[in-house]
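Top line first, the protein sequences correspond to chains A and B.
My numbering puts the first residue of the first sequence at 1, with every later residue one more than the last.
My numbering puts the first residue of the second sequence at 1, with every later residue one more than the last.
C-beta atoms are modelled at their ideal positions from N, C-alpha and C, and glycine is treated no differently.
Okay, structure first, notes after.
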Amino acid sequence: MDDTKTKTAKGKTAKELNVKPVYLESGLEVNPVYTADDTKNSGIEKEMPGEYPFTRGIHPTMYRNKPFTIRQYAGFASPEETNERFQFLIENGQTGLNVAFDLPTQCGLDSDDARAFGEVGRVGMSIDTLADFEIAFKNIDLDKITVSLTINGTAIILIAMYIAMAEKAGYDISKLRGTAQNDILKEFIGRGTWIFPVDKSVKLVVDTIEYCAHHVPKYSPVSVCGYHIRESGANPIQEMAYAFCIAKAYTDGALERGITIDDFASRLSFNFDIYGNLFEQVAKFRGGRRLWAKIIREEYHAKKDSSCWLRMIAGGGGGGLTKEQPENNIVRSAYYALISALSGTQTMALCSYDEAYTIPTEHSAEISLRTMQIMIHEMGICDTVDPLGGSYYVEALTDKFEEEIKREMKTVEKWDGIVNAVATGKIQESVSKQAYAREMGMQTGKVPKVGVNIFTREEESKDVEFHPYDPKGADVQIEKLKKIKAGRNNEKVKLCLAQVKQDAIDNKNLMPSIIAAVKEYCTVGEIVTAMKEEYGEFKEPIFF
Amino acid sequence: MKVLLAKPGLDGHDVGVKVLAHGLIEAGFQVVYTGLRKTIEEIVDMAVANKADIIGMSILSGTHLVLANKMKEVQEERKLNIPWFVGGNIPAKDIEELKRIGASQAFATGSKVADVVKYFNTMKVSA
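Pasting the structure below:
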């Protein structure tokens, strides 16, 4: 009897068992073995998928009913090329596309602005005026295709353009669908396409939420991105905690405008990152989903269950992929896809294995697609809901993650909330310190990475490649802009821009005046300038 | 030795430049960071004001040649000769081109912090 007792690992730490201690990236220690005792407080045995608090998934039958949606990213330089691509996709039966924009459009600069030199059309479509939108969507039936706008700093203007274009083309905007990323708070933490001060930036997001709630109710105006926060160096706990704080900031803003929680929460979605320890990521999503449900029900008193759903796109994993022995990334991506499915995602997207150093080829993009299809059709991943549910380890870690995300959210509260924490650089500082620790861990071998610091071999150094950049494309865009400016009613343009500024001064919702302005072909740069006159610009706190 | 780390152009990806800032400080360098979206003129102004010994530009959007030419132009106009280097997504064929324009060195993504530090230490000796 005594002998078995000393031999059992139950409830013992690594130290007691004389095995090496294991810590997750989040800092949590992993026990050598887990038992029913470790999960007895979770209540998971009584919880069914599709039931509050949705630890096991937001739907009762999940993928048995319908597998997760596969979404692949794409970016095109000009409105003309985008239009061709839309036509092609519709002919091939596809119904959705993500639109990426170039940096001048993202930062609120026109193509002819000196600061835009060399950047026009480089990383996405260039938009100066509504005319560009009209070209991109020429002969496209907006009832048949849903468009996702990957835009943040100037989202209010581009959403206004999308609505204006639809209105001018005779669509009933109350039926218009689509999504915008429109998560400005994460831009202050990673990616950096902010324009206005943090509080004004949030106000603009809330303007789009309020306008859409009343006029374009089927449109999803915000997708909160933990993804970019994690890619900037945040650990999995912070990824969820900061994303939830951000989502709460937009929610609070929407409620202040008189929108009910049940009207808003169902239009909110999340975008999360996957790389690192498999069990840690699964616990991150399961624990996060349970916590989000509780926040929406207990703090915001949502009546509808569907308001409590954590809807997510999860995948990507760019931060986990390596330039060294790149074929290994195919294997990594397959694990990321597995994690995403085991976590009950609604939509999945994977990075291509060669994305770390080159333009993904059609071949590498196809491998990503096939990775997800193999999982759906060969691995039985869709057969039963939440296959890891009830695992002692996963449930114990899920409980721990719920607790830890909550604790991290309290830290943000101590920094006077997310808006202040971002404005003062607190979050950026903590994320950047971790990025450094992780990078040094990789470079010194403390964080093992196959092909990088263990199991390396001599290999030819791989070159970085970009989409070929055509400076003539920028000239064409600038020429087009000149013609638009000469042909529009410049008196009306002046009045419209003055109205945008006046509405900013009066603290009104800017959507109506911006929609009016884009209809008169005011440029993105002109509208941003009018707004800056009242709001000023974000002063970046220098932290690293 | 004082290093001015800069983010020229519109690219907002600053993980790498901040990692390097930490690494250089740990290796005993003084570091001034410009923050995002600075024009080359602003960067040169900051280098002069801070008496920086070298300027490092982090560029990931592919605009490195455009910005390098501008750096050369602005320094020539102002009759300055502050050494500068580039880091980021730099294709191999552009590394020589950047050096031809006037960069003292170019570090492509995947370079180790230790390599950059080593390079700076050799500069210290020659300076």
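Check: What residues match up with residue 29/A in a beta bridge as DSSP calls it?
Finding: Indexing the first sequence from 1 puts residue 29/A at position 29. According to DSSP, which records beta bridges pairwise, residue 29/A is partnered with 23/A.
Next item on the list: Kindly list, in the order they appear in chain B, the residues whose Cβ is closer than 8 Å to that of residue 323/A.
Entry: Your numbering for residue 323/A matches position 323 in the first sequence. Residues of chain B passing the Cβ test: 109 and 110.
Next item on the list: Pull up the CB-CB distance for residue 13/A and residue 31/A, whole angstroms please, since I reckon it's below 8 Å.
Entry: Position 13 of the first sequence holds residue 13/A. Position 31 of the first sequence holds residue 31/A. Right, the Cβ-Cβ distance comes to about 7 Å (below 8 Å), so this counts as a contact.
Check: Ends of the beta strand (DSSP E) at residue 54/B?
Finding: Residue mapping note: residue 54/B aligns to position 54 of the second sequence, counting from 1. Taken as a continuous stretch (DSSP letters only), the beta strand (DSSP E) holding residue 54/B covers 54 to 59.
Checklist line | chain B within 9 Å of residue 3/A, Cβ atoms only | finding: Numbered from 1 along the first sequence, position 3 holds the residue referred to as residue 3/A. With a pLDDT of only 46 at residue 3/A, under the threshold of 50, the placement of this residue in the model should not be trusted, and no figure is reported.
Check: If you count every other CB in all the chains shown that lies within 10 Å of the CB of residue 474/A, and 16 or more means buried, which is it?
Finding: Counting from one through the first sequence, the residue named residue 474/A turns up at place 474. Buried, since its Cβ has 16 or more Cβ neighbours within 10 Å.
Next item on the list: For residue 602/A, return the contacting residues in chain B, with the cut-off set at a CB-CB distance below 7 Å.
Entry: Any answer about residue 602/A is impossible in this case: the structure gives chain A only from 1 up to 544.
Checklist line | Reduced DSSP secondary structure (H/G/I, E/B, other) of residue 79/A | finding: By one-based count along the first sequence, residue 79/A stands at place 79. It is helical.
Checklist line | Chain-ordered chain B contacts of residue 234/A [CB-CB under 9 Å] | finding: The residue given as residue 234/A occupies position 234 in the first sequence. Under the 9 Å cutoff, chain B gives no residues; its nearest Cβ is about 11 Å from residue 234/A.
Note to self: As a quick exercise: from 378/A, 200/A and 263/A, pick the residue whose alpha carbon is nearest that of residue 509/A.
What the structure shows: For the purposes of this step, residue 509/A is identified with residue 509 of the first sequence, where counting begins at 1. Per the Cα distances, 200/A.
Check: Shortest alpha-carbon distance to residue 37/B belongs to which of 343/A, 365/A, 191/A and 502/A?
Finding: Along the second sequence, one-based indexing puts residue 37/B at 37. Residue 37/B has its Cα closest to that of 191/A, out of 343/A, 365/A, 191/A and 502/A.
Note to self: Does the CB of residue 272/A have a neighbour CB from chain B at under 9 Å?
What the structure shows: Residue mapping note: residue 272/A aligns to position 272 of the first sequence, counting from 1. No - not a single Cβ of chain B is within 9 Å of the one on residue 272/A.
Item checked: According to DSSP, residues forming a beta bridge with residue 219/A -> On the first sequence, position 219 is the one that residue 219/A refers to. Residue 219/A pairs with 178/A.
Notebook entry, point to check: the segment 432 to 466 of chain A: which residues have C-beta closer than 8 Å to a C-beta of chain B, in chain order?
Noted result: 432, 433, 435, 436, 439, 440, 443, 461, 463, 464, 465 and 466
Next item on the list: Name the two residues that bound the continuous alpha helix (DSSP H) containing residue 252/A.
Entry: Position 252 of the first sequence holds residue 252/A. Looking at the DSSP string, the run of the alpha helix (DSSP H) that includes residue 252/A is 236 to 256.
Checklist line | Under 9 Å between C-beta atoms of residue 108/B and residue 82/B | finding: In the second sequence, residue 108/B corresponds to position 108, counting from 1. In the second sequence, residue 82/B corresponds to position 82, counting from 1. Contact flag unset, no.
Next item on the list: Quickly, what does DSSP pair residue 88/B with across the bridge? List them, please.
Entry: Along the second sequence, read from residue 1 onward, the residue named residue 88/B stands at position 88. Note: residue 88/B sits in a beta bridge opposite 59/B and 108/B.
Margin query: Can you find the residues in the same chain that come closer than 6 Å, C-beta to C-beta, to residue 496/A, ignoring five residues on each side of it along the sequence?
Written below: Mapped onto the first sequence, residue 496/A falls at position 496. Hits under 6 Å: 516, 517, 520 and 522.
Notebook entry, point to check: Of all the CB atoms in chain A, is at least one closer than 9 Å to the CB of residue 171/B?
Noted result: Residue numbering for chain B in the displayed model covers 1 to 127; residue 171/B lies beyond these limits and cannot be assessed.
Notebook entry, point to check: Any C-beta of chain A sitting closer than 9 Å to the C-beta of residue 87/B?
Noted result: Translated into the one-based positions of the second sequence, residue 87/B becomes position 87. No, because no Cβ of chain A sits closer than 9 Å to the Cβ of residue 87/B.
Margin query: To the nearest angstrom, how far is the alpha carbon of residue 366/A from that of residue 34/A?
Written below: To locate residue 366/A, count along the first sequence from 1; it is residue 366. To locate residue 34/A, count along the first sequence from 1; it is residue 34. The straight-line gap from Cα to Cα measures roughly 39 Å.
Note to self: Less than 6 Å between C-beta atoms, sequence neighbours within five positions excluded: which residues of the same chain meet that for residue 91/A?
What the structure shows: Translated into positions along the first sequence, residue 91/A becomes position 91. So the list is empty, once near-sequence residues are dropped.
Next item on the list: Select from 280/A, 297/A and 245/A the residue whose C-alpha is nearest the C-alpha of residue 261/A.
Entry: Sequence index remark: in the first sequence, residue 261/A carries index 261 (1-based). Comparing Cα-Cα distances from residue 261/A to each of 280/A, 297/A and 245/A, the minimum goes to 297/A.
Check: Using a Cβ cut-off of 9 Å, which residues of the segment 5 to 18 of chain B contact any Cβ in chain A, in chain order?
Finding: 5, 7, 9, 10, 11, 12, 13, 14, 15, 16, 17 and 18
Next item on the list: Check whether the Cβ of residue 122/B lies closer than 9 Å to any Cβ atom in chain A.
Entry: The residue you call residue 122/B lines up with position 122 of the second sequence. With 9 Å as the cut-off, residue 122/B does not count as an interface residue toward chain A.
Margin query: I want to see whether chain B comes within less than 9 Å of residue 112/A, judged by CB atoms only; does it?
Written below: Indexing the first sequence from 1 puts residue 112/A at position 112. Taking Cβ atoms only, chain B never reaches closer than 9 Å to residue 112/A, which makes this a no.
Next item on the list: Go ahead and label residue 124/A buried or exposed: buried means 16 or more other beta carbons lie within 10 angstroms of its beta carbon, across all protein chains shown.
Entry: Residue mapping note: residue 124/A aligns to position 124 of the first sequence, counting from 1. Counting Cβ neighbours within 10 Å, residue 124/A comes out buried, since at least 16 surround it.
Notebook entry, point to check: Can you list, in chain order, the residues of its chain whose CB lies under 7 Å from that of residue 207/A, leaving out five sequence neighbours each side?
Noted result: Translated into positions along the first sequence, residue 207/A becomes position 207. 156, 509, 510 and 511, listed in sequence order.
Check: Looking only at C-alpha atoms, which of 98/A, 342/A, 131/A and 433/A sits nearest to residue 382/A?
Finding: Looking up residue 382/A in the first sequence gives position 382. Ranking 98/A, 342/A, 131/A and 433/A by Cα distance to residue 382/A puts 342/A first.
Next item on the list: Pull up the CB-CB distance for residue 525/A and residue 178/A, whole angstroms please, since I reckon it's below 8 Å.
Entry: In the first sequence, counting from the first residue as 1, residue 525/A sits at position 525. In the first sequence, counting from the first residue as 1, residue 178/A sits at position 178. Contact doesn't hold; Cβ gap of about 24 Å is too wide.
Check: Among residues of its own chain, excluding the 5 on either side of residue 2/A, which ones have a beta-carbon nearer than 7 Å to its beta-carbon?
Finding: Within the first sequence, numbered from 1, the residue matching residue 2/A stands at position 2. Reliability of the predicted coordinates at residue 2/A is poor, the pLDDT of 46 falling under 50, and the value obtained from them is presented with this limitation in mind. Excluding residues within five positions, none has a Cβ falling inside 7 Å.
Notebook entry, point to check: Between the segment 57 to 81 of chain B and chain A, which residues of the former have a C-beta closer than 9 Å to a C-beta of the latter?
Noted result: 61, 62, 63, 65, 66, 67 and 70
Check: Over what stretch of residues does the beta strand (DSSP E) that includes residue 33/B continue unbroken?
Finding: Residue 33/B sits at position 33 when you count from the first residue of the second sequence. Run containing residue 33/B: 30 to 33, per the beta strand (DSSP E) assignment.
Note to self: Could you compute how far the alpha carbon of residue 5/A sits from the alpha carbon of residue 39/A?
What the structure shows: Taking the first sequence and counting its residues from 1, one reaches residue 5/A at position 5. Taking the first sequence and counting its residues from 1, one reaches residue 39/A at position 39. In this prediction, residue 5/A has a pLDDT of 49, which is less than 50 and means its spatial position is unreliable; what the coordinates show is noted afterwards. If you take the alpha carbons of residue 5/A and residue 39/A, they lie about 21 Å apart.
Next item on the list: Output the residue ranges of the alpha helix (DSSP H) runs that lie fully inside the segment 51 to 113 of chain A and measure 4 residues or longer, sorted by chain position.
Entry: 79 to 91 and 103 to 107
Next item on the list: Using three-state DSSP, classify residue 314/A as helix, strand or coil.
Entry: Position 314 of the first sequence, counting from 1, holds the residue named residue 314/A. Strand at residue 314/A.
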